[in-house]
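Under our numbering, the first residue of the sequence shown carries the number 11, and numbering increases by one thereafter. Note that the Cβ used here is the ideal one computed from N, Cα and C, for glycine as well. It should be emphasised that the depicted structure is a prediction, and the values quoted were computed from it without experimental measurement. Quick notes on the structure that follows.
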Amino acid sequence: MAERDSRVTTQLLTRPRFLGPGYLGMLRKDFARNRTIYLMAVPVVAFFLVFYYIPMFGLVISFKRFTPALGVFGSPWVGFKYFEDFFQSYFAVRIIRNTILLSVLSLIWGFPAPIILALLINEVRSTPFKRSVQSLTYLPHFISLVVVCGLLLEFSQSSGLFNDVRGWFGGEPISFFQDPRFFRSFYIGSDIWQEIGWGSIIYLAALSAIDPQLYEAATIDGAGRFRQLRHITLPSIAPTIVVLLILRMGNLMTVGHEKIILLYNPTIYETADVISTFVYRKGLLEFSWSYGTAVGLFNSVINLALVVMANWISRRVNETSLW
11 MAERDSRVTT QLLTRPRFLG PGYLGMLRKD FARNRTIYLM AVPVVAFFLV FYYIPMFGLV
71 ISFKRFTPAL GVFGSPWVGF KYFEDFFQSY FAVRIIRNTI LLSVLSLIWG FPAPIILALL
131 INEVRSTPFK RSVQSLTYLP HFISLVVVCG LLLEFSQSSG LFNDVRGWFG GEPISFFQDP
191 RFFRSFYIGS DIWQEIGWGS IIYLAALSAI DPQLYEAATI DGAGRFRQLR HITLPSIAPT
251 IVVLLILRMG NLMTVGHEKI ILLYNPTIYE TADVISTFVY RKGLLEFSWS YGTAVGLFNS
311 VINLALVVMA NWISRRVNET SLW
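And the structure:
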């Protein structure tokens, strides 16, 4: 009898709840009990609907020769013409190469930086010093991107701060943002400086959730700081790292166009021009709406494929995934 009851209970728990006859009634009860939470979610849902899902209808113009006078429905179909034009153009190889290089370099240098900072702050025993470091590293995140880019351009001029420092060591003045070789270093370095403190918050929260008894037991067993870091700290925050890495992979091909547009100029297009800035120039400045949409759609499809692949690999390797 007990075995039969257990089997029935297992079937009820594993059966999809939305297939049950009382699902709508259960949903009404849940809404009545948590109406405040549902109402709080309305602005978030509306935001994503208005700015993310409804505009997806406009992707159809990437397959049309769109003109505002004819509208979306009246514009003639051209199929994959704009995709073919993009891949056959001289700019395709350059902007795809620049996008991949900037994204991969940002991932290699920028992704571990908040983790390392969080681990260093976690090892500090002085609370006032720890809070001071946290505050100083958080502050750059709240500086406007326009201000940061303006400071970079000002400091990198021939008479700017960076060249003054070079002069102290006998170096000649350089126009940094007129030379394509320096753009990636400035872009990645400034991005790390601005976001390292803010990105460390979630890792510090994960570190605070580790049971202190694990460290006490490791100390009794003779494990030093490095062994505790290797065998306790890193494995404990590994799920957080993996989830954030998967989310980062979803934006691997989406390099921040706002910052690049504020920094670059035609003389450094060779290393600074990426897919997002190319879409901006084609779609908004040159009024090639269909061409720009086609390139943007290609970029989005690649990002989707990357996040699905990263999630699949993570689920296979360590059973941690987003879905």
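Asked: Strand pairing of residue 341, partner residues [DSSP]; Found: Since the displayed the chain opens at 11 and closes at 333, residue 341 lies outside it and no answer follows.
Asked: Nearest candidate by alpha-carbon position, reference residue 253, set 207, 165, 322; Found: 322
Asked: Cβ-based neighbour list, residue 19, same chain, cut-off 8 angstroms, excluding 5 preceding and 5 following; Found: Because the pLDDT at residue 19 is just 42, under 50, the model does not fix this residue reliably, and the value given afterwards should be weighed accordingly. Taken in chain order, the list of residues that qualify is empty.
Asked: Under the three-state DSSP convention, the category residue 138 falls into; Found: helix
Asked: Coarse secondary structure for residue 321, derived from DSSP in three states; Found: helix
Asked: CB contact flag (residue 205, residue 151, <8 angstroms); Found: yes
Asked: Residue range of the unbroken alpha helix (DSSP H) whose run includes residue 176; Found: 171-178
Asked: Residue closest to residue 279, alpha-carbon to alpha-carbon, out of 319, 305, 114, 192; Found: 192
Asked: CB of residue 92 within 8 angstroms of CB of residue 233, strictly; Found: no
Asked: Three-way DSSP call (helix, strand, coil) for residue 68 in this model; Found: helix
Asked: Residue 221, enclosing alpha helix (DSSP H) - first and last residue; Found: Here residue 221 belongs to no alpha helix (DSSP H), and DSSP marks it neither H nor E.
Asked: Backbone CA spacing between residue 185 and residue 161 [nearest angstrom]; Found: 14 angstroms
Asked: Distance CB(residue 168)-CB(residue 183) smaller than 8 angstroms; Found: yes
Asked: Which listed residue (44, 90, 282) has its alpha carbon closest to that of residue 301; Found: 90
Asked: Short Cβ contact (8 angstroms threshold) for residue 224 with residue 242; Found: yes
Asked: Cα-Cα separation, residue 338 to residue 55; Found: The displayed coordinates of the chain run from 11 to 333. Any statement about residue 338 would go beyond what the structure contains.
Asked: Straight-line gap, residue 272 to residue 156 (C-alpha atoms, nearest Å); Found: 7 angstroms
Asked: Distance between beta carbons of residue 132 and residue 340, contact taken as under 8 angstroms; Found: The structure shown has nothing for residue 340, since the chain only spans 11 to 333.
Asked: At least three beta-carbon pairs within less than 8 angstroms, the segment 102-118 to the segment 193-202; Found: yes
Asked: C-beta contact flag for residue 220 and residue 250 at 8 angstroms; Found: no
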